[in-house]
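Novice: Questions regarding the structure given below will be posed in turn.
Chains as they are written, first to last, in my numbering: chain A, 380 to 510; chain B, 3 to 637.
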C-alpha cells in the first residue's frame, strides 16, 4: 500500500472502525479460546440492563450508537463475546469501565443476547429520506 | 410577582416620570462620521429652598422638565454606531435612556427588544453577532441586571463575540433615591465581569461618554472580538444637556485585521509544499463568505486535507477529513484552533487521567491565530500549552490570501500533478465516508424515542429547498452547508441557558434576509430562561425550534455513571437522581403555546415528525416562531 493511500485511508477512517479493527485483531491474536460462543443470556434481563446500567446513554436504546458511543447492534458489531467483555471491562477510550462488581459476566451475556435480537435496519435504498 | 430589582418601594417614581416632556424625535445621519449634536437652550435654573408649609400656596416652582436630557445625546451616539437593536429587561437605572430610545430615537435603529432575563438579552446579542458580525446593544442594571447577564457574557467572551453592554448606575451617592437605587448602584460597576470582557469605562461627562462609546465599539470589533461594557450614569442620562456643552461624536474607523509577515507566511507555504502528508486544522478560521472562499482557494491550491472544526468549508467539500488524518501527518497547520493540544492528543478520563499523542514523532506544527491575545489570568479560557515549530500571531482569514499567493509562487508542475492525485484520492475517500454515514443513519431509523439521525433527515427534507440556516447541532451528512451564513458558528463556554437566546438572536438577524432558521433545542438548556421564546413571539421572529428532548441532563448522567463505575458500585436505578428531567415530564409544547408560539408535541412516533414539521414551517414562513417538542434518543 502506498504511503499516500495509507494516509488517505487513515484520514477518512472513523474512530469506531479503527477500534473495531483493533478489537478484531486482538481476538485473532488471542487464539481459539476467544472464538468461544457467549454463554446463554436472558434477553429480557439484557434489555433492562442495557438501560439501567447506562449503556443506552451513549449507545442509544437499540445500540445503534450516537455521539460518544459506537454502534453495538445488530450482531454486537461483530465482536466475539469475549472481546465484547474485554471492551466493557477495559475500555479503550473514556467509556467508564464496568468491573465484575458492577456487571457480572452473566449480566454481560444477557446484554449481549439482547443486542443480538435487534433486527437489521431497513436497507438504505428503501428509505427515501436518505437517498 | 416578587421582583427585588424593581422599584416597588418607590411608588411615586413612575408618577414623576409623567411630568417629563418627551424630546422631539430627531433624525440623525447614520454612519461613522463625526456628527455634531444640536446645541440646546439651557433650561431655567431650578429655584431651590425650603418647601412651603403644608397648605400654603407654592411660592417657588421647581423645574421638572427638560427638552434635551443627556440620554438623548447618548441615543445620538448609539445611532451613529449603527446599532439595529437594543435588548433589555427594563430597569429604573436606565429609565432615561429607555425613554430616549423610544421617544427621541423613535424606537428605530436601535429598536428595543423586550427580554425576560438579562441572560437572554446577552444571549440574543450573541446569536445576532454570530450572523451579522457586529454587536447588539444590551441595557442592564449595573448590579442585579449585570449579575443575571454574567454567564452569557462569559459565553460571548469565550465565543469571541462582540456585545456592547450599557449599564445603568448612580455613582453620586447624594443623588440616589432612598432604598432600591442604592442596591442598584456600584462603585465599580463593571468589576464583576472585567475578567471576561475586553474593555469598560464609566464616563463622567457626555463628551467622555461619546468618546468611550466609540472607543468601546472599536475595541469590541477589533479581533478577536469580545464584549465591552459602558456605564451610563443615571445623572448623566437624566440631567439636561448644558447650554455650553460642546458635544460631538468622534469618527469611528474600525481596525483592519492583522495579517502575518511575509517571511513567516512564505515559510509556512514552503513547509506545506514539501510535506508528504500535510494537514490543515481549521478552527475559527473564517468569519465571512469571503473567508470561506479564501480558505477554499488555499487548501485547493495544495489539495491538502482539512480537519474542519467549525464549518469553515462547504460541508461537502472533498478535502474534509476526520481527525484521524492527524496520525500520519508530517506537517500540521492550525488556523485559529482553540484547543490545539487537545487536537493532537487524546486524554483518557479514567481513574488516572492519561494522555497519548495522536501524531507521529517529528511532526512539524505550525500555527496562525489571533485568538490567544485576549488571555486573562483568572478564568482559564485557554488550553494546554502546545509547542509550535512556527507560530504567527495574525488573523487567519486576513492572512489566507498571502498564504495562497506564497503557495502558488512556489508550486512547480510536478507539485501540481502530485497534489491533483492526492486531491482525487481524498475526494473518493470523502464520498465513501459520506456513504458510510448514510448507512449509519438507518440504524435506529424507526426507534421511539426518535433517533437523532432520523430527526436530521426529516428536518433536512423540509428545509433543503428553502433559504435555510442553522441546525448545526444535529445536522448530518445530508445538510449542505454550502454558504458561510448557513452554519451558526456558535462558540461558547458551554454555559447552559445560552443556546435558546442565541437562536432567537440568530433568527432575528436572518429575518431581514428572509432566511428560515432552524434551532435544535436541548431541553435542559431551554429551562434556564424559557422567556426568550416569548421575546421571539412578541417580536415576530421566525424561528423553527425542534426539540432534542432526551428528558435529562444526559452528559451529567454519564459523569455520575463514570464515578459509580470507578467505585465499582454503578448507579443503576439511581441514574436519574439529580439528572433526569422527568416525573413530571415537561410539556414544552404547552409551555411554548402559553407564550404565543405555534407548538406541537410531545412527538414520539418518527412517522409523525414530517407532517408536524410541514405545519410548523408554514407558520415560520409567515414570520412567526414555532416549536416542536420531539422526544429523542439520549445522544
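Glycine is no exception: its CB is placed at the ideal position from the N, C-alpha and C atoms.
When the Cα atoms are used, what is the spatial distance from residue 450 of chain B to residue 507 of chain B?
Specialist: Residue mapping note: residue 450 of chain B aligns to position 448 of the second chain, counting from 1. Residue mapping note: residue 507 of chain B aligns to position 505 of the second chain, counting from 1. Looking at the two C-alpha atoms, the distance is approximately 32 Å.
Novice: So, with DSSP's three-state summary, where would you put residue 350 of chain B?
Specialist: One-based indexing of the second chain puts residue 350 of chain B at position 348. Strand.
Novice: Please report the residue range of the beta strand (DSSP E) in which residue 515 of chain B lies.
Specialist: The residue you call residue 515 of chain B lines up with position 513 of the second chain. It is not in any beta strand (DSSP E) - residue 515 of chain B carries neither H nor E in the DSSP assignment.
Novice: In angstroms with no decimal places, state the Cα-to-Cα distance between residue 108 of chain B and residue 371 of chain B.
Specialist: Within the second chain, numbered from 1, the residue matching residue 108 of chain B stands at position 106. Within the second chain, numbered from 1, the residue matching residue 371 of chain B stands at position 369. One C-alpha to the other measures close to 42 Å.
Novice: For the region 576–597 of chain B, which residues have a CB atom closer than 7 Å to at least one CB atom of chain A, in sequence order?
Specialist: Those residues of the region 576–597 of chain B that come within reach of chain A (Cβ to Cβ, closer than 7 Å) are 577.
Novice: Closer than 8 Å is the cut-off here; do at least three beta carbon pairs connect the region 605–616 of chain B with the region 517–530 of chain B?
Specialist: Cβ pair count under 8 Å is below three, so no.
Novice: Excluding the five sequence neighbours on either side, which residues of its own chain have a C-beta within less than 6 Å of the C-beta of residue 390 of chain B, listed in chain order?
Specialist: As a position in the second chain, residue 390 of chain B is number 388, starting the count at 1. Result list for residue 390 of chain B: 367, 369, in chain order.
Novice: By DSSP, does residue 71 of chain B sit in helix, in strand, or in coil?
Specialist: The sequence position of residue 71 of chain B within the second chain is 69, counting from 1. The answer is strand: DSSP assigns residue 71 of chain B an E or B state.
Novice: So, for residue 512 of chain B: in the same chain, excluding its five sequence neighbours on each side, which residues have a beta-carbon less than 7 Å away from its beta-carbon?
Specialist: Looking up residue 512 of chain B in the second chain gives position 510. So the list reads 133, 471, 519, once near-sequence residues are dropped.
Novice: For the ligand NAP, is there a heavy atom less than 7 Å away from the beta-carbon of residue 183 of chain B?
Specialist: This structure lacks the ligand NAP, and indeed carries no ligand of any kind.
Novice: With distances taken Cα to Cα, identify the nearest neighbour of residue 427 of chain B among B/633, B/256, B/307.
Specialist: Here residue 427 of chain B refers to the residue found at position 425 when the second chain is read from its first residue. For the residues B/633, B/256, B/307, the minimum Cα distance to residue 427 of chain B belongs to B/307.
Novice: Determine, for residue 495 of chain A, whether the minimum Cβ-Cβ distance to residues of chain B falls below 8 Å.
Specialist: Within the first chain, residue 495 of chain A is the residue found at index 116, counting from 1. Residue 495 of chain A does not count as touching chain B.
Novice: By how many angstroms is the C-alpha of residue 251 of chain B removed from the C-alpha of residue 213 of chain B?
Specialist: As a working note, residue 213 of chain B is residue 211 in the second chain. As a working note, residue 251 of chain B is residue 249 in the second chain. Those two C-alpha atoms are separated by around 7 Å.
Novice: Provide the residue(s) that pair with residue 337 of chain B in DSSP beta bridges, ordered along the chain.
Specialist: Walking along the second chain from the start, residue 337 of chain B turns up at place 335. Residue 337 of chain B pairs with B/284, B/370.
Novice: Using C-beta distances below 7 Å, list every residue in its chain close to residue 424 of chain A, excluding the 5 sequence neighbours before and after it, in chain order.
Specialist: For this step, residue 424 of chain A is matched to residue 45 along the first chain. So the qualifying residues of the chain are 489.
Novice: In angstroms with no decimal places, state the Cα-to-Cα distance between residue 473 of chain B and residue 501 of chain B.
Specialist: Sequence index remark: in the second chain, residue 473 of chain B carries index 471 (1-based). Sequence index remark: in the second chain, residue 501 of chain B carries index 499 (1-based). Approximately 12 Å, taken between the alpha carbons.
Novice: Just to make sure I have the definition right: I need the residues of chain E whose C-beta is within less than 8 Å of the C-beta of residue 166 of chain B. Which are they?
Specialist: The structure shown contains no chain E; its protein chains are A and B.
Novice: Going by other Cβ atoms of all chains shown within 10 Å of its Cβ, with 16 needed for buried, is residue 444 of chain A buried or exposed?
Specialist: Taking the first chain and counting its residues from 1, one reaches residue 444 of chain A at position 65. The residue in question, residue 444 of chain A, is buried, as its Cβ has 16 or more Cβ neighbours within 10 Å.
Novice: Quick check: the Cα distance between residue 195 of chain B and residue 330 of chain B, rounded to an integer number of angstroms?
Specialist: Stepping through the second chain from its first residue, residue 195 of chain B is reached at position 193. Stepping through the second chain from its first residue, residue 330 of chain B is reached at position 328. Each residue's Cα considered, the two are about 43 Å apart.
Novice: Can you grab the Cα-Cα spacing for the pair residue 379 of chain B / residue 585 of chain B, in whole Å?
Specialist: The residue given as residue 379 of chain B occupies position 377 in the second chain. The residue given as residue 585 of chain B occupies position 583 in the second chain. Each residue's Cα considered, the two are about 43 Å apart.
Novice: Output needed for residue 432 of chain B: all residues of its chain with C-beta closer than 7 Å, excluding positions within five of it in sequence on either side, in chain order.
Specialist: Here the question's residue 432 of chain B lines up with position 430 in the second chain. Excluding residues within five positions, the ones whose Cβ falls inside 7 Å are 320, 322.
Novice: Quick check on the burial criterion: 16 or more other C-beta atoms within 10 angstroms. Buried or exposed for residue 478 of chain B?
Specialist: The count along the second chain starts at 1 and reaches residue 478 of chain B at position 476. With 16 or more other Cβ atoms within 10 Å, it is buried.
Novice: Could you give the residue range of the alpha helix (DSSP H) that holds residue 484 of chain A?
Specialist: Residue 484 of chain A sits at position 105 when you count from the first residue of the first chain. Unbroken alpha helix (DSSP H) run through residue 484 of chain A: 484–496.
Novice: By a C-beta neighbour count over all protein chains shown, 10 Å radius and 16 as the cutoff for buried, is residue 1 of chain B buried or exposed?
Specialist: For residue 1 of chain B there is no data in the structure shown, the boundaries of chain B being 3 and 637.
Novice: Taking DSSP's pairing of strands, which residues face residue 380 of chain B in a bridge?
Specialist: Position 378 of the second chain, counted from the start, is the residue given in the question as residue 380 of chain B. The partner list for residue 380 of chain B (beta bridge, DSSP) is empty, contrary to what the question assumes.
Novice: Please say whether residue 290 of chain B and residue 483 of chain B have beta carbons closer to each other than 8 Å?
Specialist: The count along the second chain starts at 1 and reaches residue 483 of chain B at position 481. The count along the second chain starts at 1 and reaches residue 290 of chain B at position 288. No, the Cβ-Cβ distance between residue 483 of chain B and residue 290 of chain B is not below 8 Å.
Novice: Say whether the region 139–155 of chain B touches the region 169–182 of chain B, bearing in mind that this needs 3 or more beta-carbon pairs closer than 8 Å, one atom from each stretch.
Specialist: With a cut-off of 8 Å, the region 169–182 of chain B and the region 139–155 of chain B count as touching, because enough Cβ pairs lie within range.
Novice: Return the CA-CA distance between residue 235 of chain B and residue 193 of chain B, expressed in angstroms with no decimal places.
Specialist: In the second chain, residue 235 of chain B corresponds to position 233, counting from 1. In the second chain, residue 193 of chain B corresponds to position 191, counting from 1. So the alpha carbons of these two residues sit roughly 15 Å apart.
Novice: If the criterion is Cβ atoms closer than 8 Å, does the pair residue 262 of chain B and residue 373 of chain B meet it?
Specialist: Counting from one through the second chain, the residue named residue 262 of chain B turns up at place 260. Counting from one through the second chain, the residue named residue 373 of chain B turns up at place 371. Not a contact, by the Cβ cut-off of 8 Å.
Novice: Is residue 66 of chain B buried or exposed, if buried means 16 or more other CB atoms sit within 10 Å of its CB?
Specialist: Here residue 66 of chain B corresponds to residue number 64 of the second chain, with the count starting at 1. When all chains shown are included, residue 66 of chain B counts as exposed.
Novice: Taking DSSP's pairing of strands, which residues face residue 551 of chain B in a bridge?
Specialist: On the second chain, residue 551 of chain B is found 549 positions in, with the first residue counted as 1. Looking at the DSSP assignment, residue 551 of chain B forms a beta bridge with B/633.
Novice: Among B/362, B/347, B/154, B/340, which has the Cα closest to the Cα of residue 356 of chain B?
Specialist: Your numbering for residue 356 of chain B matches position 354 in the second chain. Measuring from the Cα of residue 356 of chain B, the nearest candidate turns out to be B/347.
Novice: Here's the rule I'm using: 16 or more other beta-carbon atoms within 10 Å means buried, otherwise exposed. How should residue 150 of chain B be labelled?
Specialist: Position 148 of the second chain, counted from the start, is the residue given in the question as residue 150 of chain B. Its Cβ being crowded by 16 or more others within 10 Å, residue 150 of chain B is buried.
Novice: Can the beta-carbon of residue 124 of chain B be found closer than 8 Å to that of residue 155 of chain B?
Specialist: Taking the first residue of the second chain as 1, we reach residue 124 of chain B at position 122. Taking the first residue of the second chain as 1, we reach residue 155 of chain B at position 153. Yes; because the gap between Cβ atoms is below 8 Å, this pair is in contact.
Novice: Under 8 Å Cβ to Cβ from residue 425 of chain B, same chain only, skipping five residues before and after it: list those, please.
Specialist: Along the second chain, one-based indexing puts residue 425 of chain B at 423. 302, 305, 320, 321.
Novice: Mind checking whether residue 187 of chain B and residue 537 of chain B have CB atoms under 8 Å apart?
Specialist: By one-based count along the second chain, residue 187 of chain B stands at place 185. By one-based count along the second chain, residue 537 of chain B stands at place 535. Result no, Cβ atoms of residue 187 of chain B and residue 537 of chain B do not sit closer than 8 Å.
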